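Below is one structure, written out as structure tokens; the observations come after it.
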Amino acid sequence: MTIQRQYMLPNCNLVLEGLSADATDDPLAPMAMIVNAECQIIGQQGSLKGGRDFLEHLITAVSGYAQEVLSGIAAPERHSKGVHQPVQIKAGEGGYHHLLMWPDTNPSEQSTPLEIKLTTVQLFDLVEAIDQLLADTQTLPDLTLSLKPLSRRYVKPQEPLVQRATPVAIGVSTLAVASVALFLIPTPKFEPEAAGSGSDSSASTPATTAADSTPATEPTADAAAPTSSDAASAASALDEAVNAPPITDADTLVELQDQLSRQLRDAWITKPELEDALSYRVAVSANGDIVGFKYENDAALANVDDTPLPKLAYIPLDPTEAAKEPTAQFRVTFTPEGKVEVEPWRKPDEATSSTPPATPSLATAEPSSSQLAAITTEIRDLQTLETLQKSLSTDIRDKRTKRKYEADLVYRVRLTESGAIAGYEFTDAVSQKHLNSTPLPSLAATDADPDQAMVDFRVVFTADGVLEVSPWKGWPD
Amino acid sequence: MQLHSPPDQSTPLILDSLPDPDLLQDECPRRARMQIDLLLLAIEALDLGASEAMLVASRELELKDVIRGRVGLWLLRSSNPMRRFSQRRPLKLIEAKAMVLIACFLAKKLTVLIRQLSLGYQQLNDKHLGLEHHFRLADYLSRFRTHFRSRMNPSRAGVIAYSTDEKLNALALRLLSQLLLCTGTFGAQRLWSSLFDGDVA
Chain Y
430 MTIQRQYMLP
440 NCNLVLEGLS
450 ADATDDPLAP
460 MAMIVNAECQ
470 IIGQQGSLKG
480 GRDFLEHLIT
490 AVSGYAQEVL
500 SGIAAPERHS
510 KGVHQPVQIK
520 AGEGGYHHLL
530 MWPDTNPSEQ
540 STPLEIKLTT
550 VQLFDLVEAI
560 DQLLADTQTL
570 PDLTLSLKPL
580 SRRYVKPQEP
590 LVQRATPVAI
600 GVSTLAVASV
610 ALFLIPTPKF
620 EPEAAGSGSD
630 SSASTPATTA
640 ADSTPATEPT
650 ADAAAPTSSD
660 AASAASALDE
670 AVNAPPITDA
680 DTLVELQDQL
690 SRQLRDAWIT
700 KPELEDALSY
710 RVAVSANGDI
720 VGFKYENDAA
730 LANVDDTPLP
740 KLAYIPLDPT
750 EAAKEPTAQF
760 RVTFTPEGKV
770 EVEPWRKPDE
780 ATSSTPPATP
790 SLATAEPSSS
800 QLAAITTEIR
810 DLQTLETLQK
820 SLSTDIRDKR
830 TKRKYEADLV
840 YRVRLTESGA
850 IAGYEFTDAV
860 SQKHLNSTPL
870 PSLAATDADP
880 DQAMVDFRVV
890 FTADGVLEVS
900 PWKGWPD
Chain F
243 MQLHSPPDQS
253 TPLILDSLPD
263 PDLLQDECPR
273 RARMQIDLLL
283 LAIEALDLGA
293 SEAMLVASRE
303 LELKDVIRGR
313 VGLWLLRSSN
323 PMRRFSQRRP
333 LKLIEAKAMV
343 LIACFLAKKL
353 TVLIRQLSLG
363 YQQLNDKHLG
373 LEHHFRLADY
383 LSRFRTHFRS
393 RMNPSRAGVI
403 AYSTDEKLNA
413 LALRLLSQLL
423 LCTGTFGAQR
433 LWSSLFDGDV
443 A
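Protein chains in written order, with the working numbering: chain Y, 430 to 906; chain F, 243 to 443.
Laid out in structure tokens, this is it:
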């Protein structure tokens, strides 16, 4: 005898017929097996009938659909084409739900399903009937409610993938475009400030050492090594410069002499202990650059590094080419007392000649108006200096005619031991201009022996008319 | 030695009927918080005395420790990010379970009304009549709209989606169907499971 169970709800009737585990006739025994299940919706035509399989499919479909209504998220596996579910419920219009059932187990879609249109209340009653069945431990106790939340895989994100990927794509593309644009901007070029770089390597090293502004990254040994080559290249440059056309304009010469002496004085900071004076022959171009220098005595060669000449010298790239530039020659003397003397170059055998090689404008009959060469023997005796100073002052005062000048005139006057004026020279353009109005030209003697002991005096004709005479190198201690 | 500490507070047994979902973090996801708050809102729209009834239900179900009074309930409900004064606190699973149980408890008490309204809506739809023809339904919908607008933050995108009356009505009717499903035998379990659809691994 079959056991019947009925779950009656206002809108749904679920009737189960089955057998108990042990074949007893007790209707209250638990129904372990089901023979027939029938589900009828009150108010609808047709009912759903079937066996255990049908019941299970019905339960799966209804339960899943109820979850879908509750959460609003549908499980796509229930509608997958791969596995054909015999019982399906789909949402319809107007708040209706369509329950579809394919009666035979044949999974072909061509057979027409049985369709039942359910209102929400009817759906709920169906769900409730099934829930009551599942809750009933006396009927099919193996059937229980199994609910699992849907996995994240089955949920489509609210925004479509395209919309979500757009900001990422924009960001990455902007980064790419910006990096390409920045890559195209050229890197700034670093040009070390070179005073000049020779085609030969020896000429380039003095150029780098000449660049005071660049940081001294080269070791000092490196800088000290090519000193001989320094001098050699400078000397070769000077030799070429000798052949250059000389600058003949007196004003330019005076200016260049001033500039050179100022430059050397400013640069010669560390004054070393010198025994002898260092004498160089320096070639200067029209704009004041030292284009070459050569030693005149042995001491000059040995101590060339102690002078600022190597640093200041601008060795041109091609000395032969630079030789076409007009240059002026000067004799530069670095004295042991720490003074720099610059005078226009005169060959040693012309030291006593009266004609000045570079100042034709001063070509007068007056002797010894030319520039002074270096003193060979110098008078340093205080007594003698005093005597000489007195006699020189007296001589000049006696012969002075003009008293007042526009500016101070400074002259360098060379005296022998006897008090005769062996030579004199002007120190700037103003003194040169007014030279002839001073008594110096007339006082100078012409037959001074260069090997005599001599000393230089500084004679100043001030603008107010005062005469000042003092030793050029100062009073000895 | 006597222990002076208070006895352990075990979680109420009723909460064990709802299994813990397999979540990445120990708190409720956004959608779950929103759904619970909206369901409780719908219950309040159905029945005027619902707020008091919630507190009574929490006492009857012995959930007083989880939901600590009126303010506690308000705090829990305010974890809904759409609220005006949304609390930046996470909603613990045990608190969510308590609220689910209270919602189903109250829904079961309102079964008749819910069924009536659902049927009424179906009939109106079939006859293509406006919603104002069913007094009780219109009452529910207008109350729902008022509650929603007064409590939800209007600058949130999720709230702007419900800016018109029609959309709010549709939301209210959807919630009504969901409440109907909550009145069943396994209503609480079904609701609890549906809260985490799409959020578990």
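Glycine included, C-beta positions come from ideal geometry on N, C-alpha and C. Quick caveat: nothing in here was measured; it's all calculated off a predicted structure.
Check                                                                                                                                       : Outcome
Other residues of its chain near LEU529 (chain Y): CB distance less than 6 Å, five sequence neighbours each side excluded                   : GLN517, PRO542 and GLU544
Buried or exposed by the 16-neighbour rule on C-beta atoms within 10 Å, applied to PHE890 (chain Y)                                         : buried
Selection from Y:TYR743, Y:ILE676, Y:GLU897 and Y:PHE763 that minimises the alpha carbon distance to ILE698 (chain Y)                       : Y:PHE763
Spatially closest choice to GLN567 (chain Y) from Y:GLU485, Y:THR549 and Y:GLN435, by CA coordinates                                        : Y:GLN435
Interface positions of the region 350 to 365 of chain F facing chain Y (Cβ-Cβ less than 8 Å), listed along the chain                        : ARG357, SER360, LEU361, TYR363 and GLN364
Nearest-angstrom Cα separation, counted from LYS740 (chain Y) out to ASP734 (chain Y)                                                       : 9 Å
Distance, ASP906 (chain Y) Cα to ILE850 (chain Y) Cα                                                                                        : 24 Å
is_contact[VAL498 (chain Y), chain F] using C-beta, thresh 8 Å                                                                              : yes
Any chain Y beta carbon closer than 8 Å to SER419 (chain F)                                                                                 : yes
Cβ-Cβ separation, ALA858 (chain Y) to VAL683 (chain Y) (assumed contact under 8 Å), whole Å                                                 : 5 Å
Cβ-Cβ distance between ARG419 (chain Y) and ASP441 (chain F) below 8 Å                                                                      : Since the first residue of chain Y shown is 430 and the last is 906, residue 419 (chain Y) is not available in this structure.
CB contact below 8 Å: THR573 (chain Y) versus chain F                                                                                       : no
Backbone CA spacing between SER328 (chain F) and SER320 (chain F) [nearest angstrom]                                                        : 5 Å
Rounded Cβ spacing between ILE559 (chain Y) and VAL464 (chain Y) (contact assumed at less than 8 Å)                                         : Actually they are not in contact, since the Cβ atoms of ILE559 (chain Y) and VAL464 (chain Y) sit about 18 Å apart, beyond 8 Å.
Residue(s) in a DSSP beta bridge with PRO675 (chain Y)                                                                                      : Y:THR756
Backbone CA spacing between THR637 (chain Y) and LEU817 (chain Y) [nearest angstrom]                                                        : For THR637 (chain Y), the predicted model reports a pLDDT of 45, less than 50, meaning its position is unreliable; a value from the coordinates is still stated below. Computed Cα separation, rounded: 49 Å.
Euclidean distance between Cα positions of GLU772 (chain Y) and ALA802 (chain Y)                                                            : 8 Å
Proximal chain Y residues relative to GLY426 (chain F), where beta-carbon distance stays under 8 Å                                          : PHE553, VAL556, GLU557 and ASP560
CB contact flag (PHE282 (chain F), ALA380 (chain F), <8 Å)                                                                                  : Here the sequence assigns Leu to residue 282 (chain F), which means Phe is not the residue at that position. Cβ distance not < 8 Å, so LEU282 (chain F) and ALA380 (chain F) don't count as in contact.
Rounded C-alpha distance that separates PRO900 (chain Y) from ALA731 (chain Y)                                                              : 29 Å
Span separating the alpha-carbon of PRO459 (chain Y) from that of ILE470 (chain Y)                                                          : 26 Å
Rounded separation between ALA632 (chain Y) and TYR743 (chain Y) - CA only                                                                  : Its pLDDT being 46, under 50, ALA632 (chain Y) is placed unreliably by the model, and the measurement read from it follows with that caveat. C-alpha separation (whole angstroms): 10 Å.
Contacting residues, own chain, Cβ-Cβ under 8 Å from VAL681 (chain Y) (five flanking each side not counted)                                 : The residue you asked about is not Val; residue 681 (chain Y) is Thr in the sequence shown. Cβ neighbours of THR681 (chain Y) beyond the five flanking positions: ALA715 and ALA757.
Contacts around THR788 (chain Y), its chain only, beta-carbon distance under 6 Å, and the 5 residues preceding and following it disregarded : Bear in mind that a pLDDT of 47 at THR788 (chain Y), under 50, signals an unreliable position, so the number given afterwards is only what the model happens to contain. Within the same chain, THR788 (chain Y) has close Cβ partners ALA679.
Beta-bridge pairing of TYR583 (chain Y) - partner residues as DSSP gives them                                                               : In DSSP, TYR583 (chain Y) forms no bridge with anything.
CA-to-CA distance, TYR853 (chain Y) to VAL898 (chain Y), given in whole angstroms                                                           : 13 Å
Opposing strand residues paired with GLU497 (chain Y) [DSSP bridges]                                                                        : Per DSSP, none; premise fails for GLU497 (chain Y).
Closest residue to VAL313 (chain F) among F:LEU413, F:SER259 and F:GLU294 (Cα-Cα distance)                                                  : F:GLU294
Listed by chain order, chain F residues near LEU576 (chain Y) by CB distance under 7 Å                                                      : GLN431, ARG432 and SER435
is_contact[ILE432 (chain Y), chain F] using C-beta, thresh 8 Å                                                                              : no
Chain Y contacts made by the region 288 to 300 of chain F, where a contact means CB separation under 9 Å                                    : none
Under 7 Å from the C-beta of LEU579 (chain Y): neighbouring residues of chain F                                                             : ASP439 and GLY440
Buried or exposed by the 16-neighbour rule on C-beta atoms within 10 Å, applied to GLN496 (chain Y)                                         : buried
Cross-strand partners of GLY721 (chain Y) (DSSP beta bridge)                                                                                : Y:ALA712
Contact between the region 258 to 275 of chain F and the region 424 to 441 of chain F (3+ Cβ pairs under 8 Å)                               : yes
Nearest-angstrom Cα separation, counted from VAL609 (chain Y) out to GLN592 (chain Y)                                                       : 26 Å
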